[in-house]
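**Student:** Read top to bottom, the protein sequences are chains A and B. All residue numbers for the first sequence refer to our numbering, where the first residue is 257 and numbers rise by one. All residue numbers for the second sequence refer to our numbering, where the first residue is 230 and numbers rise by one. All C-beta atoms in this analysis are idealised placements derived from N, C-alpha and C, irrespective of residue type, glycine included. All of these numbers come straight from a predicted model, not from anything done at the bench. Below is the structure I would like to discuss, written out as structure tokens.
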Amino acid sequence: MRTKKKLPEINAAPQADVAFQILIFFLIATTMDTDKGLLRKLPPIAEKQEQKKEDVKERNVFLVLVNRNNQLLVENQIGNINELRAKAKEFIENPYNAEDLPEKIKIEVPYFGEVAVTKYHVISLQNDRGTSYGAYMAVQNELTAAYNELRNQLAESKFNMKYDDFKDEDDPRRKAIDEIYPLRISEAEPRNVGGAK
Amino acid sequence: MISFRSKEPKTVPGVSTASLPDIIFMLLMFFMVSTTMKQTSMMVHIRAPFATEIKKLEKKSLVTFVYVGIPQNTKMYGSLPRLQLNDAFQPIENLREFVEKERMDLSDDQRNKMTVSIKADKDIEMGIITDVKQELRKASALKVNYSAALGTQQAVFGNL
Numbered sequence: 257m258r259t260k261k262k263l264p265e266i267n268a269a270p271q272a273d274v275a276f277q278i279l280i281f282f283l284i285a286t287t288m289d290t291d292k293g294l295l296r297k298l299p300p301i302a303e304k305q306e307q308k309k310e311d312v313k314e315r316n317v318f319l320v321l322v323n324r325n326n327q328l329l330v331e332n333q334i335g336n337i338n339e340l341r342a343k344a345k346e347f348i349e350n351p352y353n354a355e356d357l358p359e360k361i362k363i364e365v366p367y368f369g370e371v372a373v374t375k376y377h378v379i380s381l382q383n384d385r386g387t388s389y390g391a392y393m394a395v396q397n398e399l400t401a402a403y404n405e406l407r408n409q410l411a412e413s414k415f416n417m418k419y420d421d422f423k424d425e426d427d428p429r430r431k432a433i434d435e436i437y438p439l440r441i442s443e444a445e446p447r448n449v450g451g452a453k
Numbered sequence: 230m231i232s233f234r235s236k237e238p239k240t241v242p243g244v245s246t247a248s249l250p251d252i253i254f255m256l257l258m259f260f261m262v263s264t265t266m267k268q269t270s271m272m273v274h275i276r277a278p279f280a281t282e283i284k285k286l287e288k289k290s291l292v293t294f295v296y297v298g299i300p301q302n303t304k305m306y307g308s309l310p311r312l313q314l315n316d317a318f319q320p321i322e323n324l325r326e327f328v329e330k331e332r333m334d335l336s337d338d339q340r341n342k343m344t345v346s347i348k349a350d351k352d353i354e355m356g357i358i359t360d361v362k363q364e365l366r367k368a369s370a371l372k373v374n375y376s377a378a379l380g381t382q383q384a385v386f387g388n389l
């Protein structure tokens, strides 16, 4: 009987080259960046007829204006971006129940019981068409930071967790915190200051 | 006497490259899993503004991208900020139609979860962004993400 011929081994060296080619294809054709940013909800557009003015008390409004030179006007005073976060926090929380800060209304919140919150506070952000996007984002970031810090403080003192640890949006603990510090940033309807477009 | 040295000169055995493909495949797998296909090629310059409070967008399939920036090819498209949708510049008026079309591609229960991510350059003026926002409101695409890069507090103030 003839001895079985040994099959020559397949050369595996080019396998690396093939894999390299596929790798390079993926390096070029794909991107790593997962998109990150500030999430916001735009107000639904109001019909012209039923554009009613909401009755908002002066003390409940925190006005932030950004002009075309990226200068800030916070509560009718020339403001600095460094101080915006602290000011916004004080406004949202109104810790000493001050007269000129938003009114506190007692509501029933799960986990917390009866809490006095600034339920109707509004942070009104207005910008010019000439404001730079970067400046706008810096202001948005500071305002978000104010809310996040307050929420984190509360979450840590009550649940010993960070607010962001409540991953699920329907988490009742997260909802409770949202109820105490509701995100109320309102962006004004754009106005054409320099005449119609 | 016993000689410990062999007569013939020793040759260093070559390094086996048999495991090289495995390593490359491993890299390949990593990239296949962790990256996503490029959707569009950028036609505008975008340097994202910095922010500290950013959150990751959860579901990529629910996100529609809108790019606003100064065209890379200023000779051809001018140096004013423009809106790029998919692979072409579009006038702002077309945004509404675009968003509505994108929404139709989603299944019924996902439509209200659609997010529009605005990727804009930090040095452009708010005018065009305001127009984009108005157009999105008209299209009732109300969930908006202002795309930003993670930066330090200093970098955020540097946006100004």
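Roughly how many angstroms separate the alpha carbons of residue 247 of chain B and residue 255 of chain B, rounded to a whole number?
**Tutor:** 14 Å
**Student:** What's the C-alpha gap between residue 285 of chain A and residue 350 of chain A?
**Tutor:** 52 Å
**Student:** For residue 309 of chain B, is the classification buried or exposed, using 16 other Cβ atoms within 10 angstroms of its Cβ as the cut-off for buried?
**Tutor:** exposed
**Student:** Could you tell me how far apart the beta carbons of residue 410 of chain A and residue 436 of chain A are, in whole angstroms, since I believe they sit closer than 8 Å?
**Tutor:** 6 Å
**Student:** For residue 290 of chain B and residue 267 of chain B, what's the separation of their Cα atoms in angstroms?
**Tutor:** Roughly 13 Å between the two C-alpha positions.
**Student:** Under 8 Å, with one C-beta from each stretch per pair, do the segment 389-397 of chain A and the segment 410-422 of chain A reach the 3-pair mark?
**Tutor:** no
**Student:** Output needed in chain order: residues of the segment 261-295 of chain B with a Cβ under 7 Å from some Cβ in chain A.
**Tutor:** 261, 263, 264, 265, 266, 267, 278, 280, 281, 282, 283, 284, 285, 286, 292
**Student:** Between which two residues does the beta strand (DSSP E) containing residue 374 of chain B stretch?
**Tutor:** 372-376
**Student:** Return the residue from the list B/324, B/373, B/388 that minimises the CA-CA distance to residue 380 of chain B.
**Tutor:** B/388
**Student:** Helix, strand or coil for residue 391 of chain A? Go by DSSP, reduced to three states.
**Tutor:** helix
**Student:** When you check each C-beta in the segment 345-362 of chain A against every C-beta of chain B, which residues fall closer than 9 Å?
**Tutor:** For chain B, none of the residues of the segment 345-362 of chain A brings a beta carbon within less than 9 Å of one of its beta carbons.
**Student:** Looking at the structure shown, is residue 311 of chain B part of a helix, part of a strand, or coil, going by DSSP?
**Tutor:** In the structure shown, residue 311 of chain B sits in a strand (DSSP, three-state: E or B).
**Student:** Under 8 Å: do the segment 349-365 of chain A and the segment 342-362 of chain B share three or more Cβ pairs, one atom per stretch?
**Tutor:** No: the two stretches stay apart, fewer than three of their Cβ pairs being nearer than 8 Å.
**Student:** Compute the distance between the beta-carbons of residue 439 of chain A and residue 395 of chain A, then report whether it is under 8 Å.
**Tutor:** Their beta carbons are not under 8 Å apart, which means residue 439 of chain A does not touch residue 395 of chain A by this criterion.
**Student:** Could you tell me the distance, in whole angstroms, from the CA atom of residue 328 of chain A to the CA atom of residue 385 of chain A?
**Tutor:** Cα to Cα, the separation comes out at about 14 Å.
**Student:** Apart from the five residues on each side of it in sequence, which residues of its chain come closer than 6 Å, Cβ to Cβ, to residue 321 of chain A?
**Tutor:** So the list reads 329, 382, once near-sequence residues are dropped.
**Student:** Residues of chain B with CB closer than 9 Å to the CB of residue 288 of chain A, please, in chain order.
**Tutor:** 260, 263, 264, 265
**Student:** Go through the segment 262-321 of chain B residue by residue and report every complete run of the beta strand (DSSP E) that reaches 3 residues or more, in order.
**Tutor:** 292-300, 311-314, 317-319
**Student:** Using a Cβ cut-off of 8 Å, pull out every chain A residue sitting near residue 254 of chain B, in sequence order please.
**Tutor:** 275
**Student:** Is residue 270 of chain A buried or exposed, if buried means 16 or more other CB atoms sit within 10 Å of its CB?
**Tutor:** exposed
**Student:** So for residue 327 of chain A, helix, strand or coil by DSSP?
**Tutor:** Secondary structure of residue 327 of chain A (DSSP, three-state): coil.
**Student:** Are the beta-carbon atoms of residue 299 of chain B and residue 377 of chain B separated by less than 8 Å?
**Tutor:** no
**Student:** Contact between the segment 361-372 of chain B and the segment 332-351 of chain B: three or more CB pairs below 8 Å?
**Tutor:** yes
**Student:** For residue 351 of chain B, would you say it is in contact with chain A, using Cβ-to-Cβ distances shorter than 8 Å as the test?
**Tutor:** yes
**Student:** Along chain A, which residues have their Cβ under 7 Å away from the Cβ of residue 330 of chain B?
**Tutor:** Those within 7 Å of residue 330 of chain B in chain A number zero; the least Cβ separation is about 19 Å.
**Student:** Are the C-beta of residue 335 of chain B and some C-beta of chain A separated by less than 8 Å?
**Tutor:** no
**Student:** Could you check the C-alpha separation between residue 296 of chain B and residue 264 of chain A for me, to the nearest Å?
**Tutor:** Those two C-alpha atoms are separated by around 57 Å.
**Student:** Helix, strand or coil for residue 415 of chain A per DSSP?
**Tutor:** Note: residue 415 of chain A maps to helix in three-state DSSP.
**Student:** Is the Cβ-Cβ distance between residue 379 of chain A and residue 433 of chain A less than 8 Å?
**Tutor:** no
**Student:** Taking only beta-carbon atoms, is residue 356 of chain B less than 8 Å away from chain A?
**Tutor:** yes
**Student:** Which residues of the segment 367-396 of chain A have a Cβ closer than 8 Å to any Cβ of chain B? Give them in chain order.
**Tutor:** 383, 384, 385, 386, 387, 388, 389, 390, 391, 392, 393, 394, 396
**Student:** What does residue 269 of chain A touch in chain D if you count any residue whose Cβ is under 8 Å from its own?
**Tutor:** No chain D is present in this structure, whose protein chains are A and B.
**Student:** Can you list, in chain order, the residues of its chain with a C-beta nearer than 8 Å to that of residue 299 of chain A? Leave out the 5 residues immediately preceding and following it.
**Tutor:** 442, 443
**Student:** Give the range of the beta strand (DSSP E) segment to which residue 319 of chain A is assigned.
**Tutor:** 317-322
**Student:** From the beta carbon of residue 439 of chain A, is the nearest beta carbon of chain B less than 8 Å away?
**Tutor:** With 8 Å as the cut-off, residue 439 of chain A does not count as an interface residue toward chain B.
**Student:** Just checking: is the beta-carbon of residue 381 of chain B within a distance shorter than 8 Å of some beta-carbon in chain A?
**Tutor:** no
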